[in-house]
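Using numbering that gives the first Met the number 0, read the sequence shown as starting at 0 and increasing by one per residue.
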Amino acid sequence: MTELTFSFFRNYEKYTGGHQKFFDYIEHTKALPSAQCELFVQNDCSVMPGFFNNITGVKYQASYNPNACNIVFLAGMDWQYYLPHAHRDDVIVNLVQHVRHGDNTHPLFNFLPHKAFRICVSDAVRDAVTPYANGICRTIPIGHTIPHLTHEKEYDLYILAKKNVKFGRTIAKWAERVGIKYLLHDYLVNKDEVLSSMAKAKVSLVLPNPTEGFFLPGIEAMALSERAVVPDAIANREYCKQGTNALLCEYNVEAVTLAVKTSLDRLKTTYHQYEKLAGEKLARSYSLTQEREIYHQLITEHVIPLATQ
Numbered sequence: 000m001t002e003l004t005f006s007f008f009r010n011y012e013k014y015t016g017g018h019q020k021f022f023d024y025i026e027h028t029k030a031l032p033s034a035q036c037e038l039f040v041q042n043d044c045s046v047m048p049g050f051f052n053n054i055t056g057v058k059y060q061a062s063y064n065p066n067a068c069n070i071v072f073l074a075g076m077d078w079q080y081y082l083p084h085a086h087r088d089d090v091i092v093n094l095v096q097h098v099r100h101g102d103n104t105h106p107l108f109n110f111l112p113h114k115a116f117r118i119c120v121s122d123a124v125r126d127a128v129t130p131y132a133n134g135i136c137r138t139i140p141i142g143h144t145i146p147h148l149t150h151e152k153e154y155d156l157y158i159l160a161k162k163n164v165k166f167g168r169t170i171a172k173w174a175e176r177v178g179i180k181y182l183l184h185d186y187l188v189n190k191d192e193v194l195s196s197m198a199k200a201k202v203s204l205v206l207p208n209p210t211e212g213f214f215l216p217g218i219e220a221m222a223l224s225e226r227a228v229v230p231d232a233i234a235n236r237e238y239c240k241q242g243t244n245a246l247l248c249e250y251n252v253e254a255v256t257l258a259v260k261t262s263l264d265r266l267k268t269t270y271h272q273y274e275k276l277a278g279e280k281l282a283r284s285y286s287l288t289q290e291r292e293i294y295h296q297l298i299t300e301h302v303i304p305l306a307t308q
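Structural data, given as structure tokens:
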């Protein structure tokens, strides 16, 4: 066993932003001095297949064996696969990406009594889990890379609705009825296609779950579309700020259609370019470099001493 070995587990059934962030943390961990990453992957996704395959510098396990490492990295429901292998003195890093971890009716809540150093992707997530968590909880502002895309605007409205298909179709019918040219994605599509669609739209409406831990499509839409409409999902309040090109609204048809109309009208004002610049600057400030630096600092301070004592 090397001095510092991290165990990772992924059940990769469909591509989500949560899987992307987990991948980012594998990359961050690889960059730690003297760190070795071991990964067990099960299942694959048809939309972005092989996402966790052949990661440079990662040792792949034929079967999940967290006991081969001195630090166990877990996220989401990984706990259910880890616990049969658990030992009392295991050192655990837990990536927490959703406020539902703090909901006592959700299965994820049941893992909070297990001691771990918890990394939360937003203050909203940290506030949700801290009262119930065994161990330290810290926020690392989420990092993300948004490409710079230049496309002609082909659509008035892009609707990303894979998380709320029925609602998205309702908005699409309204847009057709009032003469708004739209593109609807109400199914899982490749990430590159989503980003390209945002760049081709004047306004992007990105539909979250009722609650989210952060919701990356919001900042992607701010950077790539002229304006973004983001129904309230708690954690997205962090970046939907006055003076930017993002409009936060209540999560109902009346509020969303009004927000879309308001956003399209706002394009014609003298304020729009200032708000677009402010919004894109804010969106692109969510840096992977900053995320890595804070992660390395926290792991060095709180986790490595426990794993190497």
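All C-beta atoms, glycine included, are put in the ideal place defined by N, C-alpha and C.
Tell me, to the nearest whole angstrom, how far the beta carbon of residue i is from that of residue j; I am working on the premise that it is less than 8 Å.
| i | j | result |
| --- | --- | --- |
| Val-120 | Gly-212 | 5 Å |
| Ala-39 | Tyr-11 | The sequence given here places Phe at residue 39; Ala does not occur at that position. With a Cβ gap of about 11 Å, Phe-39 and Tyr-11 do not count as contacting. |
| Gly-56 | Cys-36 | 7 Å |
| His-147 | Lys-199 | With 8 Å as the limit, His-147 and Lys-199 do not qualify as a contact, their Cβ atoms being about 14 Å apart. |
| Phe-72 | Val-92 | 5 Å |
| Val-205 | Leu-159 | 5 Å |
| Ala-220 | Ser-203 | 4 Å |
| Leu-182 | Ser-196 | 6 Å |
| Ile-3 | Ile-303 | It is Leu, not Ile, that sits at residue 3 in the sequence shown. The pair is a contact, with the Cβ atoms about 7 Å apart (cut-off 8 Å). |
| Lys-201 | Asp-155 | 5 Å |
| Leu-107 | Ala-132 | Rounded, the Cβ-Cβ distance is 11 Å, inconsistent with contact. |
Only counting the same chain, and skipping five residues up and downstream in sequence, which positions put a Cβ closer than 8 Å to that of residue i?
| i | result |
| --- | --- |
| Val-210 | Val is not the amino acid found at residue 210; the sequence shown has Thr there. Closer than 8 Å at Cβ, skipping near neighbours: His-97, Val-98, Arg-99, Ala-232, Ile-233 and Ala-234. |
| Leu-297 | Phe-116, Ile-118, Arg-137 and Ile-139 |
| Val-193 | Leu-159, His-184, Pro-216 and Glu-219 |
| Ala-67 | Met-0, Thr-4, Ser-6, Glu-37 and Gln-60 |
Near residue i, which residues of its chain fall below 6 Å by C-beta distance, leaving aside the five closest residues on each side in sequence?
| i | result |
| --- | --- |
| Val-124 | Val-95, Val-98 and Gly-212 |
| Lys-58 | Glu-37 |
| Phe-8 | Phe-39, Tyr-63, Asp-77 and Tyr-80 |
| Trp-173 | Thr-256 |
| Met-0 | Its pLDDT being 41, under 50, Met-0 is placed unreliably by the model, and nothing is read from it. |
| Thr-299 | none |
| His-86 | none |
| Ala-74 | Phe-21 and Leu-94 |
So, for residue i: in the same chain, excluding its five sequence neighbours on each side, which residues have a beta-carbon less than 7 Å away from its beta-carbon?
| i | result |
| --- | --- |
| Asn-42 | Asn-10, Tyr-11 and Glu-12 |
| Arg-312 | Given a span of 0 to 308 for the chain in the structure shown, any question on residue 312 remains unanswerable. |
| Glu-153 | Lys-199 |
| Tyr-285 | Pro-140, Ile-141, Gly-142, His-143 and Ile-218 |
| Ala-61 | none |
| Gly-134 | Lys-114, Ala-115, Phe-116 and Arg-117 |
From the DSSP output, which residues share a beta bridge with residue i?
| i | result |
| --- | --- |
| Glu-37 | Ser-6 and Lys-58 |
| Glu-211 | Ile-233 |
| Val-71 | Ser-6 and Ile-91 |
| Val-228 | Leu-204 and Leu-246 |
| Leu-182 | Tyr-157 |
| Ile-118 | Leu-94 and Arg-137 |
Spell out whether any CB of chain B is found under 8 Å from the CB atom of residue i.
| i | result |
| --- | --- |
| Thr-243 | Although the question refers to chain B, the structure presented lacks it and comprises just one protein chain. |
With respect to 7 Å, is the separation between the Cβ of residue i and the closest non-hydrogen atom of the ligand NAD below this value?
| i | result |
| --- | --- |
| Ile-139 | In terms of ligand content, the structure shown is empty, and the ligand NAD therefore cannot be addressed. |
Touch test, the segment 256–266 against the segment 183–192, Cβ-Cβ under 8 Å, three pairs minimum | no
Sequence ranges, alpha helix (DSSP H) only - wholly within the segment 250–292, length at least 4 = 252–265 and 271–283
Cβ pair count under 8 Å reaching 3, the segment 273–280 against the segment 235–254 | yes
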